[in-house]
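The structure appears right after this line, and notes come after that.
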Amino acid sequence: MNLQALKNNIDNIAENNSTKEEKLQQICDYLASEISYYDWVGFYFKNGDKDELKLAQFNGEPTDHTIIPFGKGICGQVAVSNKNFVVQDVSEQDNYISCGWKVKSEIVIPIFVNEENIGQIDIDSHTVNPFTADDEALLEYTCKKVADFI
């Protein structure tokens, strides 16, 4: 993984003249195409004043999980904890919402605007134990860039 090249391309997407929805889709498409074990890449955002997340742009197989209550599953837990959640093997998680039998691992990173958790990026992988510190660094960087244009 060439972390700096990936960050530079995220910068280019974040700074282009597309709408925020187009930029979010471009980020999903870019990450899914560049990192072989990113099998599903998507954004969830707080759904108005409700204590739930709503699916926004994504790349990968469609999911039934378009609304996720706070506290439920990995994404719902990140909405409450405000902390990164790296799950190297989803079979070891009690509070996991299955998005499909192929998903073996997941990483979720929150997006903060004015110190408020407004959403997150969610990555599913069909591989057990694929995520490294570089993935976490790249996705944290991506979330900071998203916070600038959202």
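Per UniProt numbering, the very first residue in the sequence shown carries number 1; after that it's consecutive. C-beta atoms are modelled at their ideal positions from N, C-alpha and C, and glycine is treated no differently. Predicted, not measured: the structure shown is a model, and the values here were computed from it.
Once you ignore the five residues that flank residue 135 on each side, which residues in its own chain have a CB closer than 7 Å to its CB? 107
Closest by C-alpha distance to residue 22, when choosing among 62, 56 and 125:
56
Open item on the list: Tell me the rounded alpha-carbon separation between residue 34 and residue 70.
Closed with: 30 Å
Specify the secondary structure class of residue 112 as computed by DSSP and reduced to three states.
The answer is strand: DSSP assigns residue 112 an E or B state.
query: Ordered along the chain, which non-local residues of its own chain (more than five positions away) have a Cβ less than 7 Å from that of residue 147?
result: 111, 112 and 113
Would you decide whether residue 20 is buried or exposed? Buried here means 16 or more other CB atoms lie within 10 Å of its CB. The residue in question, residue 20, is exposed, as its Cβ has fewer than 16 Cβ neighbours within 10 Å.
Worksheet item: Hey, residue 120 and residue 78 are a contact pair by Cβ (cut 8 Å); roughly how many whole angstroms apart?
Response: 5 Å
Simplified DSSP state of residue 13, which is helix, strand or coil
If DSSP states are grouped into helix, strand and coil, residue 13 belongs with the helices.
Next on the checklist: To the nearest angstrom, how far is the alpha carbon of residue 138 from that of residue 84?
Outcome noted: Residue 138 and residue 84: Cα-Cα distance of roughly 12 Å.
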